[in-house]
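Structure first, then comments.
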Amino acid sequence: MKVVILAGGFGTRLMEETESRPKPMVEIGGKPILWHIMKIYENYGFNDFVICLGYKGKIIKDYFLNFYYNSSDFTIDLTTNNLTIHNSSSESFKVTLVETGLDTNTAGRIKRVKPYLDNETFMMTYGDGLSDINLHELIAFHKSKSKIATLTSVQIPGRYGNIDMSDDGMVRLFHEKPDGDGMWINGGFFILEPEVFNYLNGDVDEIQWEKGPLLEIAKNNELAAFKHYGFWKCMDALRDRTELEEIWKTGKAKWKKW
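Be aware that the sequence shown starts at 104, since it is given in this note's numbering, and climbs by one per residue.
And the structure:
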């Protein structure tokens with residue numbers, strides 16, 4: 104099963120990092136978050152990736168074009184340009200890099216990679232989200248529902264502490280960063296059948312996947328939601344990148360299953 108990764112957005116809310124590189128190339132622990140996402144999938148046996156490029160896509164292309172050599176010890180004879188590889192710690196990824204347009208929205212990006220998916224069931228996720236999701240359980244859930252699309256739903260914790268106080272200013276109860284309000288949100292990590300492309304007809308370059316096709320799929324009762332109760336974190340802003348970096352430094356990053 105192939106894995107599509109949306110990696111073409113501008114990352115405007117992380118401009119401190121994305122002025123010079125696309126968001127999926129922002130590093131956690133010295134590796135692009137894109138690499139971390141791919142390792143999550145590889146851990147479950149999925150290593151055939153289709154990456155949707157857009158903003159500063161050349162940087163992602165250069166990263167993979169040079170990945171093998173940058174992961175290897177080698178000798179190069181500059182007289183003949185003959186290269187001898189001694190050993191390599193490269194990955195077993197197969198990566199298809201597709202230019203899907205600078206300003207193309209997510210629905211258009213998905214449509215443009217259709218020729219590379221062999222009319223088969225495929226997985227898809229965003230290029231900025233990490234999780235300890237069990238992909239085998241996700242796939243089993245998708246098959247059990249017999250729908251054309253399954254998304255992974257997650258709950259996020261509250262960002263700030265809550266204070267319950269009386270009118271005279273006395274604190275009755277304090278919660279430091281309580282659980283969220285019980286709402287489940289879209290956390291990515293989709294399983295999609297080829298039939299989703301029936302919802303991507305016509306010019307969809309300006310349409311957001313979540314606000315167009317996915318809504319129609321849901322209206323037709325063809326969208327299932329797999330509830331993930333474990334770790335999930337989206338790198339939406341600089342504070343998120345800092346938090347993920349701190350988690351990685353502990354040596355106990357929950358998404359690291361490899």
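Beta carbons are placed, not taken as given, at the ideal position from N, Cα and C, and that holds for glycine.
- Taking 8 Å as the cut-off, the beta carbon of Lys214 is found no closer than this to the beta carbon of Phe152.
- Per DSSP, the unbroken alpha helix (DSSP H) holding Phe167 starts and ends at Gly160 to Leu168.
- Within its own chain, the residues whose Cβ lies closer than 8 Å to the Cβ of Gly204, once the five positions on either side in sequence are excluded, are Gly111, Gly157, Gly211, Arg212, Arg215 and Asp308, listed in chain order.
- The segment 287-295 and the segment 325-335 touch, with three or more beta-carbon pairs separated by less than 8 Å.
- Secondary structure note for Glu313: it is in no alpha helix (DSSP H), with a DSSP letter that is neither H nor E.
- Per DSSP, Ala210 is one residue of the alpha helix (DSSP H) stretching across Thr209 to Arg215.
- In the displayed model, Asp343 falls within a helix according to three-state DSSP.
- DSSP, reduced to helix, strand and coil, places Asn173 within a helical segment of the structure shown.
- Taking the Cα positions, His139 is about 14 Å away from Val107.
- Nearest in C-alpha terms to Asp206, of all of Gly114, Glu313 and Glu349, is Gly114.
- The bridge partners DSSP lists for Thr199 are Val153.
- Counting other Cβ atoms within 10 Å of its Cβ, His245 reaches 16 or more and is therefore classed as buried.
- Measuring C-alpha to C-alpha distances from Glu223 to each of Gly148, Asp343, Ala252 and Trp361 identifies Ala252 as the nearest.
- When the alpha-carbon of Ile188 is set against those of Asp306, Arg124, Tyr172 and Leu241, the nearest one is in Tyr172.
- Here Gly232 is bridged, per DSSP, to Cys337.
- In the structure shown, Phe329 adopts extended strand secondary structure according to DSSP, grouped into three states.
- Residue pairing for Pro260: DSSP places it in no beta bridge.
- Taking a cut-off of 8 Å on C-beta distances, the segment 229-243 touches the segment 124-138, as three or more cross pairs fall below it.
- 8 Å or more divides the Cβ of Gln311 from the Cβ of Thr178.
- The three-state reading of DSSP puts Leu238 in helix, counting H, G and I together.
- Taking 8 Å as the upper bound for CB-CB distance, Trp361 and Lys142 are in contact here, some 5 Å apart.
- When beta bridges are read from the DSSP output, Lys134 appears opposite Ile131.
- Closest by C-alpha distance to Leu168, out of Glu145, Pro316 and Leu200, is Leu200.
- Shortest Cα-Cα distance from Ser193 to any of Glu349, Gly132 and Phe170 involves Phe170.
- The criterion of a C-beta distance shorter than 8 Å is satisfied by Phe225 and Leu295.
- In this structure Glu348 touches Ile131 by the C-beta definition: roughly 6 Å separates them, less than 8 Å.
- Tyr166 has its alpha-carbon roughly 26 Å from the corresponding atom of Thr182.
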